[in-house]
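K.L.:
Before we start, here is the structure in question, set down as structure tokens.
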Amino acid sequence: MDKQKSFLSINEIFNYLKCTPGARCVSEGEEFLNAGHIILCGIKSIIESKICLYALCLQTSALTSHPHEINGSIEMEKLKNDINYKIKLVEFLCSCKAGASGRCKHVSAILIQCTRENILEFEKISSTDIKCVWSTRKETSVHNYKPRPLIDTNCIKAHDLNMPSTVSEIDILKILIQTNPNSALAKHSIGRIMLVDGLNINDDNDDVKLEKYIANCTDWKKKVTNYFNSKKISNDYTCHGEYEEGNAHNACISKTGAIVEETGIIVSNSNPWLSYSPDGIIMDNHVPKKLLEIKCPYLGK
Ligand SMILES: [Zn+2]
1 MDKQKSFLSI
11 NEIFNYLKCT
21 PGARCVSEGE
31 EFLNAGHIIL
41 CGIKSIIESK
51 ICLYALCLQT
61 SALTSHPHEI
71 NGSIEMEKLK
81 NDINYKIKLV
91 EFLCSCKAGA
101 SGRCKHVSAI
111 LIQCTRENIL
121 EFEKISSTDI
131 KCVWSTRKET
141 SVHNYKPRPL
151 IDTNCIKAHD
161 LNMPSTVSEI
171 DILKILIQTN
181 PNSALAKHSI
191 GRIMLVDGLN
201 INDDNDDVKL
211 EKYIANCTDW
221 KKKVTNYFNS
231 KKISNDYTCH
241 GEYEEGNAHN
251 ACISKTGAIV
261 EETGIIVSNS
271 NPWLSYSPDG
281 IIMDNHVPKK
291 LLEIKCPYLG
301 K
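The UniProt record's numbering puts the first residue of the sequence shown at 1, with every later residue one more than the last.
As structure tokens, then:
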């Protein structure tokens, strides 16, 4: 008598997973299977036409932890030729975070396994096997996945990085900054002037000016003390400015008809260490258009 064949059809997999061949769970499931991450796939029970499958799949992010457990049931229907079976997937569940959907990459890997091997020839596993399978297979399974340097991996080997061995870290940094001018690293570097030799920094940039100002300060202790314990400077000129500022503000509004919003301190979005306090913001149709800076010259009083 011919050997009975029970292979899962690819069509049934896509119907069950409700996905297309390009779906991520399918491609990742195939990679899992090809990489040997399925360490057990067997039959737990057969009740009439229903077969319960049980499988273990290594956790890639925690190889020594207990593997993901996959439980599934399928219905087998013998076809007229008495040799082939039509297999219908009933339900699959996996212990991983996405496993309750029954459509995770681990389930997908098991289903692909069912297209490659005759399901009726899967090993039969008892409840005792299930209990001790991990302890007996752990060592050999984990042995296959010893840590290796990144440079030894195929994806790195496949690329000729064409990087001269003399290239310095500072040169790499320079290339990164110049080729990605909008990256956080580039903005931070330019704002803070990491003194990268040869880096094309625009000296007119306000951030650069501020950095140079900071860099030029030699007595930070004195500067900080003065900043936090500042003595109020008061003389005829400043008193005049303080006294007249409100009048100047009102005069500006009445003369120009400008709509002026008063704000407190404004912090730069792109450079949060930079802030200023304008005397006012001139609005045009609810859009800020100009800054108002009030000066009250003493000689003009
Ligand atoms: Zn899973």
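We put the CB at the ideal spot given by N, CA and C, even for glycine. Since this is a predicted model, take the numbers as computed values, not measurements.
Let me know the secondary structure DSSP gives residue 102 once reduced to three states.
P.N.:
Residue 102 falls in the coil class under three-state DSSP.
K.L.:
Helix, strand or coil: how does DSSP classify residue 196 here?
P.N.:
With a pLDDT of only 46 at residue 196, under the threshold of 50, the placement of this residue in the model should not be trusted; the figure read from the coordinates follows. DSSP places residue 196 in coil when its eight states are reduced to three.
K.L.:
Can you tell me whether DSSP reads residue 276 as helix, strand or coil?
P.N.:
Strand.
K.L.:
Please determine, among 137, 46 and 112, the residue with the shortest C-alpha to C-alpha distance to residue 13.
P.N.:
Comparing Cα-Cα distances from residue 13 to each of 137, 46 and 112, the minimum goes to 112.
K.L.:
How far does the beta strand (DSSP E) with residue 71 in it reach, from first residue to last?
P.N.:
First-last of the beta strand (DSSP E) with residue 71: 68-78.
K.L.:
If I follow the unbroken beta strand (DSSP E) through residue 57, where does it start and stop?
P.N.:
It spans 50-57 - the beta strand (DSSP E) in which residue 57 sits, taken as one unbroken run.
K.L.:
Just the C-alpha distance for residue 190 and residue 175, rounded to the nearest angstrom, thanks.
P.N.:
Those two C-alpha atoms are separated by around 14 Å.
K.L.:
For a quick check, are the C-beta atoms of residue 32 and residue 109 less than 8 Å apart?
P.N.:
Yes, Cβ-Cβ distance for residue 32 and residue 109 is below 8 Å.
K.L.:
Please determine if the region 74-94 and the region 129-144 are in contact, where contact requires at least 3 C-beta pairs separated by less than 8 Å.
P.N.:
With the cut-off at 8 Å, the region 74-94 and the region 129-144 do not touch.
K.L.:
Please tell me whether residue 97 has its Cβ less than 8 Å away from any Cβ of chain B.
P.N.:
Among the protein chains of the structure shown there is no chain B, as only one such chain exists.
K.L.:
Any heavy atom of ligand 1 closer than 7 Å to the CB of residue 99?
P.N.:
Residue 99 Cβ: within cutoff of ligand 1.
K.L.:
Any idea what DSSP makes of residue 82, helix, strand or coil?
P.N.:
Correct three-state label for residue 82: coil.
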